[in-house]
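The opening residue of the sequence shown carries number 4 in our numbering; numbering runs sequentially from there.
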Amino acid sequence: MDWKDIRGNWVIIPPKPIGIIHFLGGAFVATAPHLTYRWLLEQLAAKGYVVIATPFVNTLDHSAIAQSVLINFERTLERLQDTGELHKLYLPIYGLGHSMGCKLHLLIGSLFKVERAGNILISFNNYTAKEAIPLVEQLNSTLAIEFTPTPLETNQLVEERYHIRRNLLIKFSNDNLDQSAVLKKILQNRFPEMVTTQTLSGNHTTPLGQEIKWQPGNSFTPLDALGQWFKQEVYRDLNQLRKIIVLWLNPLALK
Numbered sequence: 004m005d006w007k008d009i010r011g012n013w014v015i016i017p018p019k020p021i022g023i024i025h026f027l028g029g030a031f032v033a034t035a036p037h038l039t040y041r042w043l044l045e046q047l048a049a050k051g052y053v054v055i056a057t058p059f060v061n062t063l064d065h066s067a068i069a070q071s072v073l074i075n076f077e078r079t080l081e082r083l084q085d086t087g088e089l090h091k092l093y094l095p096i097y098g099l100g101h102s103m104g105c106k107l108h109l110l111i112g113s114l115f116k117v118e119r120a121g122n123i124l125i126s127f128n129n130y131t132a133k134e135a136i137p138l139v140e141q142l143n144s145t146l147a148i149e150f151t152p153t154p155l156e157t158n159q160l161v162e163e164r165y166h167i168r169r170n171l172l173i174k175f176s177n178d179n180l181d182q183s184a185v186l187k188k189i190l191q192n193r194f195p196e197m198v199t200t201q202t203l204s205g206n207h208t209t210p211l212g213q214e215i216k217w218q219p220g221n222s223f224t225p226l227d228a229l230g231q232w233f234k235q236e237v238y239r240d241l242n243q244l245r246k247i248i249v250l251w252l253n254p255l256a257l258k
């Protein structure tokens, strides 16, 4: 399976699709999601999910970004159906976001009429501009610069208007940037018994993990042993993340 650039989105299509994943990455790694999140997204494609990863550039207007990535996603989906690369049979659509990508999926599900079978929100982050961009005050100390909507406004929107009922929240045990606890309360109040939460080993950058190709030499050395150990440690967290996502998407899927 190869990545294709279709209308500005990076797309990978498995032979017999069983669902569609719209992926949105973190603020500063979202411009090339097919590279920065390659391992995780290709693993999901291998399980039968069409992956449409929408790049974006972070600005202060998060509502505008949410609208833009949604339009780009829908245009690409329409193109895939028109060209026959994706049959027009119904396939469930899931949102998958990491960090700021979570906020964008929450805004999409609150501000626009979309159909989603569920959203997977990894390492939700909803900081103020001051917290997220330390240099913002130095850019203009006399002007209050903030994201639109603000973190408080975002929480209120989700509390009042978010309509994606089934959600999986994933946080990592060593992630100081994660703000899933507040979101968990909001979603559980809105959709009791429809919110699943998981705490996994790892940190905020775990979803960015890539394949490590370590080839031992003709004779197995202590350096080879160290290389294999390091590879196993990296893949342990990544594989755990993959398994949790796949099982939530399809509870009957084999681990």
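Ideal placement from N, C-alpha and C gives every residue a C-beta, glycine not left out.
With C-beta atoms as the reference, is residue 26 less than 8 Å away from residue 99?
-> Yes.
Find out if the Cβ-Cβ distance for the pair residue 16, residue 53 is shorter than 8 Å.
-> Yes, these two residues count as a Cβ contact at 8 Å.
Taking the Cβ atom as the reference point for each residue, do residue 171 and residue 241 lie within a distance shorter than 8 Å?
-> No, they are not a contact pair.
First and last residue of the uninterrupted alpha helix (DSSP H) at residue 43 | Taken as a continuous stretch (DSSP letters only), the alpha helix (DSSP H) holding residue 43 covers 41-49.
Pairwise C-alpha distance: residue 198 and residue 191 | Using only the alpha carbons, I get a separation of about 6 Å.
Contacts around residue 243, its chain only, beta-carbon distance under 8 Å, and the 5 residues preceding and following it disregarded = Beyond the five residues adjoining it in sequence on each side, residue 243 comes within less than 8 Å, by CB distance, of 203, 204 and 205 in the same chain, given in chain order.
C-alpha distance - residue 96 paired with residue 167, whole-angstrom precision | So the alpha carbons of these two residues sit roughly 11 Å apart.
Express the C-alpha separation of residue 71 and residue 108 in angstroms, rounding to a whole number.
-> Just so you know, the alpha carbons of residue 108 and residue 71 end up roughly 12 Å apart.
Measure the beta-carbon distance from residue 12 to residue 59 and round it to whole angstroms, keeping in mind my assumption that it falls under 8 Å.
-> No, residue 12 and residue 59 are not in contact; Cβ-Cβ is about 10 Å, not under 8 Å.
Among 102, 41 and 46, nearest to residue 182 - alpha-carbon criterion | Shortest Cα-Cα distance from residue 182 to any of 102, 41 and 46 involves 102.
Would you tell me roughly how many angstroms separate the C-alpha atoms of residue 185 and residue 126, rounded to the nearest one?
-> Rounded to the nearest angstrom, the two C-alpha atoms are 12 Å apart.
With DSSP run on the structure shown, which of helix, strand or coil describes residue 90?
-> Note: residue 90 maps to coil in three-state DSSP.
Which partner residues of residue 131 appear in the DSSP bridge assignment?
-> Under DSSP, no beta-bridge partner is assigned to residue 131.
Between the Cα of residue 29 and the Cα atoms of 80, 6, 129 and 115, which residue gives the shortest distance?
-> Relative to residue 29, the option among 80, 6, 129 and 115 whose CA is nearest is 129.
In the DSSP assignment, what are the bridge partners of residue 201?
-> Residue 201 pairs with 173.
By a C-beta neighbour count over all protein chains shown, 10 Å radius and 16 as the cutoff for buried, is residue 254 buried or exposed?
-> With fewer than 16 other Cβ atoms within 10 Å, it is exposed.
Selection from 252, 165 and 83 that minimises the alpha carbon distance to residue 117 | The candidate whose alpha carbon is nearest that of residue 117 is 165.
Whose CA, out of 188, 196, 212 and 105, lies closest to the CA of residue 180?
-> Minimum Cα distance to residue 180 is reached at 105.
Give me the Cα-Cα distance between residue 159 and residue 113, rounded to the nearest whole angstrom.
-> About 10 Å.
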